[in-house]
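Chemist:
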Amino acid sequence: MSWASLLPVAGRSVPMTSPSYASLLGSSWGELPMRTRVRFGVEREMVCYHGRVVVSECTRLGRVFRQLARLVGSPLPFDDTIGPATVVVMATGRGSSSWTRVYRRNGRAQAIRSVKRFDGPTGLEEYLGFGLCMALRVRAENASLLFESAGYSWALGKVRIPLPSWLTPGRLLVRSTELAAPCFRFCLTLSHPRFGVMLRQEAVFEDPS
Numbered sequence: 024m025s026w027a028s029l030l031p032v033a034g035r036s037v038p039m040t041s042p043s044y045a046s047l048l049g050s051s052w053g054e055l056p057m058r059t060r061v062r063f064g065v066e067r068e069m070v071c072y073h074g075r076v077v078v079s080e081c082t083r084l085g086r087v088f089r090q091l092a093r094l095v096g097s098p099l100p101f102d103d104t105i106g107p108a109t110v111v112v113m114a115t116g117r118g119s120s121s122w123t124r125v126y127r128r129n130g131r132a133q134a135i136r137s138v139k140r141f142d143g144p145t146g147l148e149e150y151l152g153f154g155l156c157m158a159l160r161v162r163a164e165n166a167s168l169l170f171e172s173a174g175y176s177w178a179l180g181k182v183r184i185p186l187p188s189w190l191t192p193g194r195l196l197v198r199s200t201e202l203a204a205p206c207f208r209f210c211l212t213l214s215h216p217r218f219g220v221m222l223r224q225e226a227v228f229e230d231p232s
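Each residue of the sequence shown is one higher than the last, beginning at 24 in the numbering used here.
(1) Identify which residue in L190, L155 and S199 has its Cα closest to the Cα of K181.
(2) Assign M57 to buried or exposed, taking buried as 16 or more other Cβ atoms, counted over all protein chains shown, within 10 Å of its Cβ.
(3) Does the beta-carbon of E164 have 16 or more other beta-carbons within 10 angstroms, so that it is buried, or is it exposed?
(4) Around the Cβ of V32, are there at least 16 other Cβ atoms within 10 angstroms (buried) or fewer (exposed)?
(5) The beta strand (DSSP E) spanning L195 covers which residue range?
(6) Give me the residue from R117, G106 and A108 with the minimum Cα distance to R67.
(7) Can you list, in chain order, the stretches of the alpha helix (DSSP H) that have 4 or more residues and sit fully within the region 60-92?
(8) Span of the alpha helix (DSSP H) holding S46?
(9) Hey, out of R140, L168, P100 and S188, whose CA is closest to S176's CA?
(10) How far does the beta strand (DSSP E) with K181 in it extend, from its first residue to its last?
(11) Enumerate in chain order the residues of its own chain whose CB-to-CB distance from L211 is below 6 Å, with the five nearest sequence positions on each side excluded.
Here is the structure:
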């Protein structure tokens, strides 16, 4: 698979209807910067964000979880190398969207795919593949948009089987913060309740022109 084949262009934009991030956030939606509200409040058929991973840190235990994650489709980067990154977001209907994160390392590309959909106990979840779902709580904080894990489960059709905490990697927190236009920062941390922060990644992307 060539690197270029993973980079589609931006498509037609339409207003996002309910359910939406705005409906989940309520009045705090208006506290976010306009560029954040446009990015998450307008549904596009396809949009591509180019950027670069600038920080990538992982503990030994984090590397163990990262390798185990390959059993469910590798939802985490394979290594700690910084370098080019691309995120492709495609609308899949009813406000849901597929996310493809592409990391390029030493001439090779790793693609991580998931689907964000307005469903589950918190109203928003991320489907990671192989039946694994992560419930998400979304909130606005200090002009940033935050996504925080709120439990993991196996989805068997419409049946959800909650996973015990000892089978999960811990708390995932993603923060999207505006920088000088057209850039924004994406920061991800994975923290275990006993062993602390196991993985941290920070990347800077640009909104398409």
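C-beta atoms are modelled at their ideal positions from N, C-alpha and C, and glycine is treated no differently.
Modeler: In short:
(1) On the sequence shown, position 158 is the one that residue 181 refers to. It is L155.
(2) The residue you call residue 57 lines up with position 34 of the sequence shown. Exposed, because fewer than 16 other Cβ atoms sit within 10 Å of the Cβ of M57.
(3) As a working note, residue 164 is residue 141 in the sequence shown. Exposed, since its Cβ has fewer than 16 Cβ neighbours within 10 Å.
(4) Position 9 of the sequence shown, counted from the first residue, corresponds to residue 32. Note that V32 has pLDDT 40, beneath the 50 cutoff, so the model's placement of it is unreliable and the number below is only indicative. It counts as exposed.
(5) The residue given as residue 195 occupies position 172 in the sequence shown. Annotation for L195: the continuous beta strand (DSSP E) segment containing it runs R194 to E201.
(6) Taking the sequence shown and counting its residues from 1, the one referred to as residue 67 is at position 44. For the residues R117, G106 and A108, the minimum Cα distance to R67 belongs to R117.
(7) Qualifying alpha helix (DSSP H) stretches, in chain order: 83-91.
(8) On the sequence shown, position 23 is the one that residue 46 refers to. Where S46 is concerned, the enclosing alpha helix (DSSP H) stretches over Y44 to L48.
(9) As a first step, residue 176 must be located in the sequence shown, where it is residue number 153. Answer by Cα proximity: S188.
(10) As a working note, residue 181 is residue 158 in the sequence shown. Looking at the DSSP string, K181 is not in any beta strand (DSSP E), and its letter there is neither H nor E.
(11) As a working note, residue 211 is residue 188 in the sequence shown. The answer, listed in chain order, is V197 and Q224.
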